[in-house]
Amino acid sequence: MEFKKVEERTNMGAKLYVTPQPALMIATYDADGTPDVMMAAWGGQYDNNQVCFSLSKHKTTDNLRLNKAFTLSYADARTVVESDYFGIVSGNDVKDKVAKAGFTVTKSQNVNAPIINEYPLTMECRVVEMRDDEDGGAWVVGEIVNAIADPSILTDGKIDIKKLNPVAWDGSSFNYLTLGDSVGKAWNSGMVLK
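So the number in this note's numbering is just where the residue sits in the sequence shown, counting from 1, plus 1247.
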């Protein structure tokens, strides 16, 4: 399809990798109770207590249909090697890839899903909506039942994003990036224009 040109701009077409995307770590149990975790980039938190993401066909997609539960964590700068491995290797090919990466698991007490101990922030979620696509993938909405945080990422009892140091996936350059410094205060910086 040919697009009309906008003066002094470059047409990118309809398939644009908007960056950055959070590097989401989705952990589930399979039918045998083996923990699995994969990295996904197409999603995030979209309400106070809900997350959503889109997956193609994966072992995780099958596990979500089976258990209707998952945990969601963020890859961080400290765990980027293992997190990338979880995105490269399928749980269909490597049965216990969590252990192979040297990570450990605790069973969630709130949902039927594993908590990956090496991620300092974990949301325990139940599937509230799952729309299957024609290729075996799905669009998933999860309700956050509980969030658990390691004290190392807290400041004054709140999650400190700098201490968490999550990585984002840059689909344009295929790199993982960390957040930079603050450039403004939310619901405050724009007040000078009011």
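Ideal Cβ placement from N, Cα and C applies to all residues, glycine included.
Test item: CB-CB of residue i and residue j under 8 Å
i, j, result
"Ile-1363", "Ala-1274", "yes"
"Met-1285", "Phe-1250", "no"
"Asn-1412", "Ala-1324", "yes"
"Gly-1384", "Ser-1303", "yes"
Extent of the continuous alpha helix (DSSP H) to which residue i belongs
i, result
"Glu-1240", "Nothing can be reported for residue 1240: it is not among the residues displayed for the chain, which extend from 1248 to 1441."
"Asn-1310", "1306–1314"
"Val-1345", "1344–1347"
Residue i: first and last residue of the uninterrupted beta strand (DSSP E) it sits in
i, result
"Lys-1354", "1352–1354"
"Asn-1400", "The sequence shown places Ile at residue 1400, rather than the Asn named in the question. Element bounds for Ile-1400: n/a, residue is neither H nor E."
Per DSSP, cross-strand counterpart(s) of residue i
i, result
"Trp-1386", "Ser-1301 and Arg-1378"
"Ile-1395", "Thr-1369"
"Leu-1424", "Ala-1415"
"Phe-1317", "Cys-1372"
"Leu-1271", "Ala-1287 and Tyr-1321"
Test: residue i CB closer than 8 Å to a CB of chain B
i, result
"Ser-1420", "In the structure shown, chain B does not exist; there is a single protein chain."
Sequence-distant residues of its chain with Cβ nearer than 7 Å to residue i (five each side left out)
i, result
"Gln-1268", "Ala-1288, Trp-1289, Ala-1415, Trp-1416 and Gly-1418"
"Glu-1390", "Asn-1296, Gln-1297, Cys-1372, Arg-1373 and Val-1375"
Cut-off 6 Å between Cβ atoms - residues of its own chain near residue i, not counting five sequence neighbours on either side
i, result
"Ala-1322", "Ala-1270, Met-1272, Ser-1330 and Val-1414"
"Thr-1369", "Thr-1318, Ser-1320, Ile-1362 and Ile-1395"
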